[in-house]
Amino acid sequence: MSKIKNAFGKGKALIAYITGGDPNIETTGRLIRAIAAAGADLIEIGIPFSDPIAEGPVIQGASARALAAGCTTDRLFDLVMELRKDLETPLLFMTYANPVFAYGTERFMQRSAAAGIDGLIIPDTPYEEREEFAGACRQYGIDLLSMVAPTSADRVRQIGKAAEGFLYCVSSLGVTGVRTKLTDEIASVIKIVREESDLPCAIGFGISTPEQAKQMAAYADGVIIGSAIVKLIAEYGENSIEPVAAYIAQIKKAITEQ
Amino acid sequence: MRKGRFSQYGGQYAPETMMGALQELEREYRRWRNDPTFEAELAALLKNYAGRPSLLYYAEKMTRDLGGAKIYLKREDLNHTGSHKINNVLGQTLLAKKMGKTRVIAETGAGQHGVATATAAALMDMECEVFMGKEDTARQALNVYRMQLLGAKVHPVTSGTQTLKDAVNETMRAWVTRIADTHYVLGSVMGPHPFPTIVRDYQRIIGAEIKAQILAAEGKLPAAILACVGGGSNAIGAFYDFITDQSVRLIGCEAAGRGVDTAETAATIATGKVGIFHGMKSLFCQDDFGQIAPVYSISAGLDYPGIGPEHAMLWEKGRAEYVPVTDDEAVAAFEYLSRTEGIIPAIESAHAVAHAMTIAKEMTPEQIIVINLSGRGDKDVAAIARYKGVSLYE
Ligand SMILES: Cc1ncc(COP(=O)(O)O)c(C=O)c1O
Numbered sequence: 104m105s106k107i108k109n110a111f112g113k114g115k116a117l118i119a120y121i122t123g124g125d126p127n128i129e130t131t132g133r134l135i136r137a138i139a140a141a142g143a144d145l146i147e148i149g150i151p152f153s154d155p156i157a158e159g160p161v162i163q164g165a166s167a168r169a170l171a172a173g174c175t176t177d178r179l180f181d182l183v184m185e186l187r188k189d190l191e192t193p194l195l196f197m198t199y200a201n202p203v204f205a206y207g208t209e210r211f212m213q214r215s216a217a218a219g220i221d222g223l224i225i226p227d228t229p230y231e232e233r234e235e236f237a238g239a240c241r242q243y244g245i246d247l248l249s250m251v252a253p254t255s256a257d258r259v260r261q262i263g264k265a266a267e268g269f270l271y272c273v274s275s276l277g278v279t280g281v282r283t284k285l286t287d288e289i290a291s292v293i294k295i296v297r298e299e300s301d302l303p304c305a306i307g308f309g310i311s312t313p314e315q316a317k318q319m320a321a322y323a324d325g326v327i328i329g330s331a332i333v334k335l336i337a338e339y340g341e342n343s344i345e346p347v348a349a350y351i352a353q354i355k356k357a358i359t360e361q
Numbered sequence: 047m048r049k050g051r052f053s054q055y056g057g058q059y060a061p062e063t064m065m066g067a068l069q070e071l072e073r074e075y076r077r078w079r080n081d082p083t084f085e086a087e088l089a090a091l092l093k094n095y096a097g098r099p100s101l102l103y104y105a106e107k108m109t110r111d112l113g114g115a116k117i118y119l120k121r122e123d124l125n126h127t128g129s130h131k132i133n134n135v136l137g138q139t140l141l142a143k144k145m146g147k148t149r150v151i152a153e154t155g156a157g158q159h160g161v162a163t164a165t166a167a168a169l170m171d172m173e174c175e176v177f178m179g180k181e182d183t184a185r186q187a188l189n190v191y192r193m194q195l196l197g198a199k200v201h202p203v204t205s206g207t208q209t210l211k212d213a214v215n216e217t218m219r220a221w222v223t224r225i226a227d228t229h230y231v232l233g234s235v236m237g238p239h240p241f242p243t244i245v246r247d248y249q250r251i252i253g254a255e256i257k258a259q260i261l262a263a264e265g266k267l268p269a270a271i272l273a274c275v276g277g278g279s280n281a282i283g284a285f286y287d288f289i290t291d292q293s294v295r296l297i298g299c300e301a302a303g304r305g306v307d308t309a310e311t312a313a314t315i316a317t318g319k320v321g322i323f324h325g326m327k328s329l330f331c332q333d334d335f336g337q338i339a340p341v342y343s344i345s346a347g348l349d350y351p352g353i354g355p356e357h358a359m360l361w362e363k364g365r366a367e368y369v370p371v372t373d374d375e376a377v378a379a380f381e382y383l384s385r386t387e388g389i390i391p392a393i394e395s396a397h398a399v400a401h402a403m404t405i406a407k408e409m410t411p412e413q414i415i416v417i418n419l420s421g422r423g424d425k426d427v428a429a430i431a432r433y434k435g436v437s438l439y440e
């Protein structure tokens, strides 16, 4: 069983996203350790991209800050390598197709595997284009995650069958970012997925409050939180370790006490 | 071959939230493509509303002055709204209407595609929102007001470089946020499948008309067809019906900005590498880590870091040539055509005129060049005046 799937073995999982290199690489390293210590079961590290089309303003801002501060794919490989000396938490890279392709898909997977990355999420590579990256992922033992959305309709079954790691279920239409209200429209999609696959399902996009996390965790095996964390990092910068850790602990508590 | 591929290029690299809409679009496009009532409605709009067929004009003075090839201008500038963009927009908006959509959104660079979309939306009673880089709203202020007059809402895009690529990003984000009642009228032969195919099919009328018109006028095919290339829609439209006519050189003119050896360029074929962006595998200006490069051209419509996938294929196969043209050369051609023929071209189209001026001299009077004059230059007059250091009271 993959390390990612394992992370869902202890109750509802909390998956935390941060943009690598925002506000700088050193802070990203400290944040990852703190987020793991505060109870996150999986951590997604965003490799910043100049044009993140699936992202709302919060993560767009983080990507721009990270790139301006000199973050590169190579520096994030180095960071993960360093963290892996003592960090057990499964780590994912989340980035767009072009940074992977431009690095050389095979070379990217090889370096990811060597650094200790467990999985990869590429939001602009849907089921139909999976093979662009899937071969190299298989070769280096990296799970290539899939996403489903409320509009996935009759593709849900195929996507579910091909998925690895966990299935990323997009809560509602739109881009990433905090939403004031969340509906249960993804719940029926998850029901269909469950008929095809025993892979864990986690819901992301728009979750920020403990109440929302609890509400969404009821439909799935875990929740993914990104923009809400990135917002704290934008506000506190290098001093965001404590507020982020406190926030993670609060969410973890909310989804644990079902 | 995988779906929507032009050899290795193209594809459908879109977020999952967009896939349902792309598949619906493909289904509906196939359904309506050969529907006689749809074809008749579109043909009527192109004729009675857009003013097609556009003229193929023999530029006699220019021909004499350059003293080489015989030069014809395909007058897309005479279309309603002033550019070739209307061809694609009427097709897509009519399709959207058939699909039951009530709202259209679009990106725009120079504003021509936005104006065309706002126009079609007004005509067909659709709600319309246009996304335009903030930098471009300043460069093309007149077009912003024009869109507003037509009833569209214009959103200045403040992310990234605040130009065309950022406008595309923002329109894609807006689409996935409200997808059920909305069609994204993409303005060039780019983006995820099926857009490059749909836009090409709606633009190929340019080349089909050129072929019929030049055969009627000259009884033979041209030696070369030139068109400017941003995403590549007017170029593919002009080229498409000639691809199998091997004797016809197909020449795409890219915006070199301040030169291909500077960072201030938008010449994708000259300076880009294969990549995956905006839904397609194609060529893109980018750095070693795949970050999309901030590009530059005096022309807002060519200021794009990529090129449509079918062009990437034509280039790779050697079927079409792509040449860089600088700001200075384009501005000189803008002035030249104005004075020589009394036709003020769009600064985008002036890139093709500039290269024609270079190659015409080396050709013989028996050889014919067709320049696709993709748009008219009224929108650019103020910017060219600024470029020349002339101050205007607008
Ligand atoms: C007059 C004109 N020509 C050309 C272009 C470039 O687009 P494309 O390469 O798709 O023809 C534009 C875009 O705004 C335009 O307005």
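Protein chains in written order, with my numbering: chain A, 104 to 361; chain B, 47 to 440. Cβ atoms here follow ideal geometry from the backbone N, Cα and C, with glycine treated the same way. It should be emphasised that the depicted structure is a prediction, and the values quoted were computed from it without experimental measurement.
Assuming residue i and residue j are in contact, meaning their beta carbons sit under 8 Å apart, how far apart are those beta carbons, in whole angstroms?
{"i": "alanine 110 of chain A", "j": "alanine 119 of chain A", "result": "Not confirmed; about 12 Å, so no contact."}
{"i": "glycine 179 of chain B", "j": "valine 235 of chain B", "result": "With 8 Å as the limit, glycine 179 of chain B and valine 235 of chain B do not qualify as a contact, their Cβ atoms being about 20 Å apart."}
{"i": "isoleucine 297 of chain B", "j": "alanine 115 of chain B", "result": "Going by Cβ atoms, the distance from isoleucine 297 of chain B to alanine 115 of chain B rounds to 12 Å, so no, they are not a contact pair."}
{"i": "glutamate 62 of chain B", "j": "methionine 250 of chain A", "result": "4 Å"}
Quick one: residues in its chain with C-beta nearer than 6 Å to the C-beta of residue i, no 5 flanking neighbours on either side, listed in chain order?
{"i": "leucine 248 of chain A", "result": "Gly222, Ile224, Gly268, Tyr271"}
{"i": "arginine 178 of chain A", "result": "Ile128"}
{"i": "methionine 197 of chain A", "result": "Glu147, Gly149, Ile224"}
{"i": "glutamate 74 of chain B", "result": "Met145"}
{"i": "methionine 47 of chain B", "result": "Its pLDDT being 47, under 50, methionine 47 of chain B is placed unreliably by the model, and nothing is read from it."}
{"i": "glycine 446 of chain B", "result": "The structure shown does not extend to residue 446 of chain B, since chain B is modelled only from 47 through 440, so no value can be given for it."}
{"i": "tyrosine 118 of chain B", "result": "Leu102, Tyr104, Val416"}
How far does the beta strand (DSSP E) with residue i in it extend, from its first residue to its last?
{"i": "cysteine 272 of chain A", "result": "270 to 273"}
{"i": "leucine 419 of chain B", "result": "414 to 419"}
{"i": "glutamine 58 of chain B", "result": "55 to 59"}
{"i": "cysteine 174 of chain B", "result": "173 to 179"}
{"i": "phenylalanine 526 of chain B", "result": "Because chain B spans 47 through 440 in this model, residue 526 of chain B falls outside it and cannot be assessed."}
{"i": "valine 200 of chain B", "result": "199 to 203"}
{"i": "glycine 303 of chain B", "result": "295 to 303"}
{"i": "leucine 140 of chain B", "result": "Leucine 140 of chain B -> not in any beta strand (DSSP E); alpha helix (DSSP H) instead, spanning 131 to 144."}
{"i": "valine 434 of chain A", "result": "Residue 434 of chain A lies beyond the residue range present for chain A, which begins at 104 and ends at 361; the question has no answer from this structure."}
{"i": "arginine 300 of chain A", "result": "It is serine, not arginine, that sits at residue 300 of chain A in the sequence shown. Serine 300 of chain A -> no beta strand (DSSP E), and no H or E assigned at all."}
Could you tell me whether any Cβ in chain B is nearer than 7 Å to the Cβ of residue i?
{"i": "asparagine 342 of chain A", "result": "no"}
{"i": "proline 303 of chain A", "result": "no"}
{"i": "serine 215 of chain A", "result": "no"}
{"i": "leucine 276 of chain A", "result": "yes"}
{"i": "glutamate 231 of chain A", "result": "yes"}
{"i": "threonine 359 of chain A", "result": "no"}
{"i": "glutamine 163 of chain A", "result": "yes"}
{"i": "serine 153 of chain A", "result": "yes"}
{"i": "phenylalanine 204 of chain A", "result": "yes"}
{"i": "methionine 250 of chain A", "result": "yes"}
{"i": "alanine 337 of chain A", "result": "no"}
Quick one: residues in its chain with C-beta nearer than 8 Å to the C-beta of residue i, no 5 flanking neighbours on either side, listed in chain order?
{"i": "isoleucine 344 of chain B", "result": "Ala301, Gly303, Asp373, Ala376, Val377, Ile393, Ala429, Tyr433"}
{"i": "proline 240 of chain B", "result": "Gly50, Leu68, Leu71, Glu72, Tyr75"}
Is any beta-carbon of chain A found at less than 7 Å from that of residue i?
{"i": "proline 242 of chain B", "result": "no"}
{"i": "glutamine 58 of chain B", "result": "yes"}
{"i": "glycine 66 of chain B", "result": "yes"}
{"i": "glycine 336 of chain B", "result": "yes"}
{"i": "arginine 219 of chain B", "result": "yes"}
{"i": "phenylalanine 323 of chain B", "result": "yes"}
{"i": "glutamate 62 of chain B", "result": "yes"}
{"i": "threonine 223 of chain B", "result": "yes"}
If you follow the alpha helix (DSSP H) that residue i is part of, which residue opens it and which one closes it?
{"i": "threonine 223 of chain B", "result": "210 to 223"}
{"i": "lysine 116 of chain B", "result": "Here lysine 116 of chain B belongs to no alpha helix (DSSP H); instead the beta strand (DSSP E) covers 116 to 121."}
{"i": "glycine 280 of chain A", "result": "Premise fails: glycine 280 of chain A is in no alpha helix (DSSP H) and is neither H nor E."}
{"i": "serine 70 of chain A", "result": "What the structure shows of chain A is the stretch from 104 to 361, and residue 70 of chain A is not part of that stretch, so it cannot be assessed."}
{"i": "isoleucine 358 of chain A", "result": "344 to 359"}
{"i": "leucine 195 of chain A", "result": "Segment 194 to 197 is the beta strand (DSSP E) holding leucine 195 of chain A; no alpha helix (DSSP H) there."}
Kindly list the residues whose CB is nearer than 7 Å to the CB of residue i, restricted to its own chain and excluding five residues on each side of it in sequence; keep chain order.
{"i": "glutamate 122 of chain B", "result": "Ser100, Ser129, His130, Ile252, Asn280, Asn418, Leu419, Ser420, Gly421"}
{"i": "proline 313 of chain A", "result": "Gln353, Ile354, Ala357"}
{"i": "arginine 51 of chain B", "result": "Gly57"}
{"i": "glycine 60 of chain B", "result": "At residue 60 of chain B the sequence reads alanine, which differs from the glycine that was named. Closer than 7 Å at the Cβ level, and outside the excluded window around alanine 60 of chain B, lie Leu68, Pro238, Gly325."}
{"i": "threonine 279 of chain A", "result": "Ala157, Glu158, Gly159, Ile162, Phe308, Gly329, Ser330"}
{"i": "threonine 317 of chain B", "result": "Val306, Thr311, Cys331"}
{"i": "alanine 379 of chain B", "result": "Ala396, Val399, Ala400, Met403"}
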